[in-house]
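In this text, residue positions in the sequence shown follow this note's numbering: the first is 1, and each later residue adds one.
Read the structure below first, then the notes.
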Amino acid sequence: MPNIQNTLKLDALTKHDWQFNLPNKNLPNNKHFIVIGNPISHSKSPEIQQKFAKKTGLTIDYRRQFCPDNWESFLAVVAAFFHGGGCGANVTIPFKVMAFELCQHVGILSDFAKAAGAVNTLAIKEGKLFGDNTDGQGLVADLMLQGIDLTNKNILIIGAGGATRGVILPLLNANIGKLHIANRTSAKAHNLAKLFNNPKISVLNLTDISGHFDVIINATSAGLNGETLSFDNDVSADFVYDMMYGKPSAFLQFFNQKNVAVSDGFGMLIHQGALAFEIWTQQKVDLAKLT
C-alpha cells in the first residue's frame, strides 16, 4: 500500500495550480521577492538583496515571509506568492527539503539541487517552478575571492548532514584533489560518500583526524549549539573555514591560535545570495566592489 503521508502530500499538491506565467525578463521597477523561513525575523537576506539591487540599478521589494512548519502551509505560501506576481524566493530552514520535494513533483531541479537534495532558491522557468541550490557554489566562490585555489587540494570537511551534502558537488567541480568527510557517526559519512560514488571522496572518524590538510571546513552547527569540536594538536591546515557565522567560533579560535588563516561563513551567505539574485534578474553582482 502507498505511504499515507506521501499520499496526503501528493493530495495537497492538487489543491494548487503549478503552471505559472513567465516573469518579465526586463524586470520593471518594484519586482517582488521573499525569503521563506521559520523563524525568519533574524534573516539578513532583505538587506543583502537590496544592496545587490542598488549595485545593479534595480528597484526591488524583498521581504521576510514567515511560514508555519508544515507541508500544506509551505505549498500555499509558494503558490500564492508566484501566482501573485512574485519573481523569486529564497528558502531557508526548515523548508529546503520541502522545496526540493515540491520541485521534484511539479517543477524543475538544477543539478546542484539534485545533488544537495535541497533547494534554497525558487524561480519560474519555462512556466514551471524551478529549484536551485546556491549554497555550495557560494562557499566555493567565497573561498576563491579569499584567494584559496582549490585545484588538487586536500580538503577535510567536518559533518555529514545537509550542509555537507550541499557543497560536495561544487567542491568536486572545483577540481579538488581529495575530500575527506569526518563525522561523529561514521555510518552517516559513509552513506554520503556512497551517494556521490566518487574516488576523490573518503571517510574519516572524527576521532581519527590527524596531520595536515590544505583546507578544513566545518559544516556542523556545533558552534551555534555551544558544542566544541576536539582535535589533536598535530592537526594543521593552510586555511580553515566555518560555514556558520554570527557567533564566536571555538573551531576557528583553535586554529587561529596556531596562526592558521581562518574565515567564518558570512561571505558564503553573500555569494549564495548573489547567485540567487543573478538567477532571478540575469544581473551579475561584482562582489569585490560591493560596499
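All C-beta atoms, glycine included, are put in the ideal place defined by N, C-alpha and C.
Residue i vs residue j beta-carbon contact at 9 Å
i      : j      : result
Gly84  : His32  : yes
Thr151 : Ile168 : no
Lys178 : Ser202 : yes
Phe100 : Gly136 : no
Ile158 : Ala182 : yes
Leu75  : Lys114 : no
Thr121 : Ile270 : no
Arg63  : Val91  : no
Ala174 : Val140 : yes
Ala276 : Lys284 : no
Lys51  : Leu290 : yes
Gly138 : Gln272 : yes
Asp242 : Val262 : yes
Asn205 : Ser230 : no
Helix, strand or coil at residue i according to DSSP, with G and I counted as helix
i      : result
Asn233 : coil
Ser249 : coil
Lys128 : strand
Ser202 : strand
Leu10  : helix
Ala300 : An answer regarding residue 300 cannot be provided, because it is not within the stretch 1 to 291 covered by the chain.
Phe100 : helix
Lys106 : Lys is not the amino acid found at residue 106; the sequence shown has Val there. Helix, per DSSP.
Asn21  : coil
Asp238 : strand
Ala219 : coil
Phe95  : coil
Unbroken beta strand (DSSP E) run spanning residue i, endpoints
i      : result
Asp61  : Ile60 to Phe66
Ile124 : Thr121 to Lys125
Ile168 : Element bounds for Ile168: not the beta strand (DSSP E) but the alpha helix (DSSP H), Gly162 to Asn173.
Asp142 : Per DSSP, Asp142 belongs to no beta strand (DSSP E); it is in the alpha helix (DSSP H), Asp135 to Leu145.
His180 : Lys178 to Asn183
Ile156 : A small fix is needed here, since residue 156 is Leu in this sequence, not Ile. Element bounds for Leu156: Asn154 to Ile158.
Gly211 : Segment: none, Gly211 is in no beta strand (DSSP E) and carries neither H nor E.
Ala288 : Where Ala288 is concerned, there is no enclosing beta strand (DSSP E), given that its DSSP letter is neither H nor E.
Gly86  : Premise fails: Gly86 is in no beta strand (DSSP E) and is neither H nor E.
N- and C-terminal bounds of the alpha helix (DSSP H) containing residue i
i      : result
His190 : Ser186 to Phe196
Ala113 : Asp111 to Ala116
Phe33  : Phe33 -> not in any alpha helix (DSSP H); beta strand (DSSP E) instead, spanning Lys31 to Gly37.
Gly267 : Phe266 to Thr281
Ser73  : Trp71 to His83
Phe52  : Ser45 to Thr56
Neighbourhood of residue i by C-beta, 8 Å cutoff - its chain only, sequence neighbours within 5 removed
i      : result
Asp17  : Ala79 and His83
Asn3   : Residue placement at Asn3 cannot be trusted, given a pLDDT of 49 that sits under 50; what the coordinates show is reported in the next sentence. Closer than 8 Å at Cβ, skipping near neighbours: no residue.
Glu47  : none
Asp286 : Lys55
Pro39  : Phe66
Own chain, CB closer than 6 Å to residue i, minus 5 neighbours either side, in chain order
i      : result
Ala237 : Phe213, Ile216 and Val260
Ala53  : Ile60
Own chain residues within Cβ distance below 7 Å of residue i, not counting five before or after
i      : result
Ser221 : Met244
Asp132 : Ser110, Phe112, Ala113, Val119, Thr121 and Ile279
Leu293 : There is simply no residue 293 to check, as the chain begins at 1 and stops at 291 in what is shown.
Cys87  : Pro23, Lys31, His32, Phe33 and Trp280
Ile93  : Gly37
Residue i: CB within 8 Å of a non-hydrogen atom of the ligand COA
i      : result
Lys188 : Looking for the ligand COA in the displayed structure turns up nothing, as the structure carries no ligands at all.
Within-9 Å CB hit, residue i to chain D
i      : result
Met244 : The question asks about chain D, but that chain is absent: this structure has only one protein chain.
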